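Take a look at the structure set out below.
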Amino acid sequence: MANIAAVTDAEFEAQVLKSDKPVLVDFWAEWCGPCRQVAPILDELNAEHGEKLTFLKMNVDENPVTPSSYRVTGIPTINVYQGGEVVKSIVGAKPKAALLKELDGII
Numbered sequence: 001m002a003n004i005a006a007v008t009d010a011e012f013e014a015q016v017l018k019s020d021k022p023v024l025v026d027f028w029a030e031w032c033g034p035c036r037q038v039a040p041i042l043d044e045l046n047a048e049h050g051e052k053l054t055f056l057k058m059n060v061d062e063n064p065v066t067p068s069s070y071r072v073t074g075i076p077t078i079n080v081y082q083g084g085e086v087v088k089s090i091v092g093a094k095p096k097a098a099l100l101k102e103l104d105g106i107i
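Put into structure tokens, the structure is as follows:
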């Protein structure tokens with residue numbers, strides 16, 4: 001996920017909750033196989049739709065506070081935040097077409 005910036009617990013409010021445009025946050029971990037499967041798909045979506053939606057990733061092992069406060073219990077979990085609220089939550093690795101369908105109306 002080299003193309004998508006990381007966000008930390010400390011930066012979450014400023015970069016995600018107070019953002020003027022919708023923000024997609026990929027909650028992931030190094031040891032998570034399905035997370036590695038979805039990473040290149042998110043890179044593609046970022047390249048194609050990054051002007052409409054900010055893409056960020058959060059390592060749940062390094063940043064435990066935010067995932068627990070949003071009840072992220074399984075990874076990968078992809079949350080979309082708009083106006084400081086979760087407007088979409090996608091749990092599990094999905095193919096690109098399924099992610100696009102889930103994000104319809106946001107991107």
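Just so you know, we're using UniProt numbering here: the sequence shown kicks off at 1 and counts up by one. Every residue gets a Cβ at the ideal spot worked out from N, C-alpha and C, and that includes glycine. Predicted model, so just to flag it, every value in this text is computed and none were measured.
{"Asked": "Continuous beta strand (DSSP E) stretch holding L42: start and end", "Found": "From DSSP, L42 is part of no beta strand (DSSP E) but of the alpha helix (DSSP H) over G33 to H49."}
{"Asked": "Cβ-Cβ distance between L24 and F55 below 8 Å", "Found": "yes"}
{"Asked": "Span of the alpha helix (DSSP H) around E13", "Found": "Where E13 is concerned, there is no enclosing alpha helix (DSSP H), given that its DSSP letter is neither H nor E."}
{"Asked": "Beta-carbon spacing of V80, P34 below 8 Å", "Found": "no"}
{"Asked": "Nearest-angstrom Cα separation, counted from I41 out to K96", "Found": "6 Å"}
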